[in-house]
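Working notes, beginning with the structure itself.
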Amino acid sequence: MRTLPPLTALRAFEAAARHLSFKRAARELGVTPTAISHQVRLLEETIGVRLFERRARRVVATREGQLLYPVLRDGFDAFARALDEIAARRARRAITLSATTAFTARWLVPRVAAFREACPGLDLRLHASDEPVDLRAAEADAAIRYGRGPYPGLAAEVLVADRFAPVCSPGLGVRRPVDLRGKPLLHFEWRREGRDTPTWRLWLERAGLSGVRADAGVTFSDEAHAIQAAIAGQGVALVSLFLVDDDLKSGALVQPFGPALDGHRYHLVYPEGAAAREEIAALRRWLTAAMAGERSQAKR
76 MRTLPPLTAL
86 RAFEAAARHL
96 SFKRAARELG
106 VTPTAISHQV
116 RLLEETIGVR
126 LFERRARRVV
136 ATREGQLLYP
146 VLRDGFDAFA
156 RALDEIAARR
166 ARRAITLSAT
176 TAFTARWLVP
186 RVAAFREACP
196 GLDLRLHASD
206 EPVDLRAAEA
216 DAAIRYGRGP
226 YPGLAAEVLV
236 ADRFAPVCSP
246 GLGVRRPVDL
256 RGKPLLHFEW
266 RREGRDTPTW
276 RLWLERAGLS
286 GVRADAGVTF
296 SDEAHAIQAA
306 IAGQGVALVS
316 LFLVDDDLKS
326 GALVQPFGPA
336 LDGHRYHLVY
346 PEGAAAREEI
356 AALRRWLTAA
366 MAGERSQAKR
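First residue of the sequence shown: 76, per my numbering; consecutive thereafter.
Below, the structure is given as structure tokens:
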């Protein structure tokens, strides 16, 4: 436990040493010069040394006072900066958005700057997890859920419907479905897999293509990793066209052929009754505007 002189005495000394005047220090602190003199004398008695030489109409710091002053000055400056930062953080609004790791990495992260520009007074905090968070327990303010719904106890708004098709690096030389023969297939693990889950097995069945093993190739635990492998030319991935929209536009990936399989829908979900919150309303407006230009690609 620290043993320090009274804070009022330290403040009085620091102001007096900065101004070299009890009168100006008193004006700054809103007290009388006599009060400043009393506090300085109390500090001197506490530490057992003189800190000022009193002269006509002014004071001069002693050697000990000159040693103490910059320490107190820097300390009070640090206090002020910390308090200002705390106040500024409290004044700023923030919203925590949870989404899958693939959606966070492939869609949200590249658009953080766009969010800041559209919502300059709102801080966005991203929570990436493939396990749904409990919004009613305030683990996050809102979430992007991928599925059919419903989501009991939560308000849900459809953002975009997803479609899946084969994509690959243009340098891989895949132009027709038959070109898949002999090429590595890239897979990723689904949390829950059903008969209509857009897997390579279902795609090959819909495409009527034989001679390709549906279970061959490399399997990743996350869709974002399968996409990165496709960009690197490691094989052909059957992935969300929505999540690779930027890569298709840039030419990093191509969608050489169909068919495209229906996926689920991305929903924005939040606790019922939270729609009136200013932060939720701002997030809804931004997501709606940001996705408006990408719906056409996702529906092809």
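Note that beta-carbon positions come from the ideal geometry of N, C-alpha and C, so glycine has one too.
Computed from a prediction, not measured in an experiment: that's the story for all the values here.
How would you label residue i, buried or exposed, when you count the other beta carbons within 10 angstroms and need 16 or more for buried?
i           : result
residue 216 : buried
residue 338 : buried
residue 92  : buried
residue 265 : exposed
residue 354 : buried
residue 237 : buried
residue 109 : exposed
residue 131 : exposed
residue 142 : exposed
residue 128 : exposed
residue 95  : exposed
residue 371 : Caution applies to residue 371, whose pLDDT of 45 falls short of 50 and renders its modelled position unreliable; the value that the coordinates give is listed next. Exposed, since its Cβ has fewer than 16 Cβ neighbours within 10 Å.
residue 191 : exposed
residue 160 : exposed
residue 82  : exposed
residue 376 : The structure shown does not extend to residue 376, since the chain is modelled only from 76 to 375, so the question has no answer here.
residue 31  : The displayed coordinates of the chain run from 76 to 375. Any statement about residue 31 would go beyond what the structure contains.
residue 212 : exposed
residue 168 : exposed
Can you tell me where the alpha helix (DSSP H) with residue i in it begins and where it stops?
i           : result
residue 325 : 320-325
residue 97  : 97-104
residue 251 : That residue, residue 251, is in no alpha helix (DSSP H); it is neither H nor E in DSSP.
residue 199 : Careful: residue 199 lies outside any alpha helix (DSSP H), inside the beta strand (DSSP E) at 197-203.
residue 412 : A query on residue 412 cannot be resolved here, the shown segment of the chain reaching from 76 to 375 and no further.
residue 191 : 187-193
Does any heavy atom of the ligand GTP sit closer than 7 angstroms to the C-beta of residue i?
i           : result
residue 217 : Looking at this structure, you won't find the ligand GTP or any other ligand, since it has none at all.
For residue i, I'd like the list of residues in its chain whose CB is within less than 7 angstroms of its CB, leaving aside the five on either flank, ordered along the chain.
i           : result
residue 252 : 282, 284, 332
residue 205 : 175, 176, 266
residue 126 : 88, 115, 118, 119, 136, 137, 139, 140, 143
residue 214 : 208
residue 279 : 287, 289
Starting from the C-beta of residue i, find all residues in its chain whose C-beta is less than 8 angstroms away, skip the five residues before and the five after it, and write them out in chain order.
i           : result
residue 259 : 291, 292, 293, 309, 310, 311
residue 342 : 219, 220, 221, 222, 224, 226, 231, 232, 233, 234
residue 170 : 197, 198, 199, 200, 216, 217, 354, 355, 357, 358
residue 133 : 95, 96
For residue i versus residue j, is the C-beta spacing smaller than 8 angstroms?
i           : j           : result
residue 239 : residue 323 : no
residue 80  : residue 122 : yes
residue 124 : residue 139 : yes
residue 298 : residue 177 : yes
residue 361 : residue 243 : no
residue 256 : residue 286 : yes
residue 247 : residue 301 : no
residue 344 : residue 210 : yes
residue 327 : residue 306 : yes
residue 330 : residue 245 : no
residue 183 : residue 202 : no
residue 84  : residue 100 : no
residue 229 : residue 275 : no
residue 364 : residue 186 : no
residue 144 : residue 89  : yes
residue 295 : residue 304 : yes
Following the continuous beta strand (DSSP E) through residue i, name the residue where it begins and the one where it ends.
i           : result
residue 274 : Where residue 274 is concerned, there is no enclosing beta strand (DSSP E), given that its DSSP letter is neither H nor E.
residue 173 : 168-174
residue 218 : 217-222
residue 237 : 229-242
residue 261 : 260-263
Note down, in chain order, each residue of its chain lying with its Cβ closer than 6 angstroms to the Cβ of residue i, except the 5 sequence neighbours on either side.
i           : result
residue 374 : Caution is warranted here: a pLDDT of 47 is assigned to residue 374, below 50, making its placement in the model unreliable, and the coordinate value is therefore given only provisionally. Once the five neighbours on either side are set aside, residue 374 has no close Cβ partner at all.
residue 181 : 299, 318
residue 98  : 108
residue 349 : 355
Start-end ranges of the beta strand (DSSP E) lying completely within the region 76-151, minimum 3 residues: 127-130, 133-136
Complete alpha helix (DSSP H) runs within the region 283-343 (minimum length 4 residues, chain order): 298-306, 320-325
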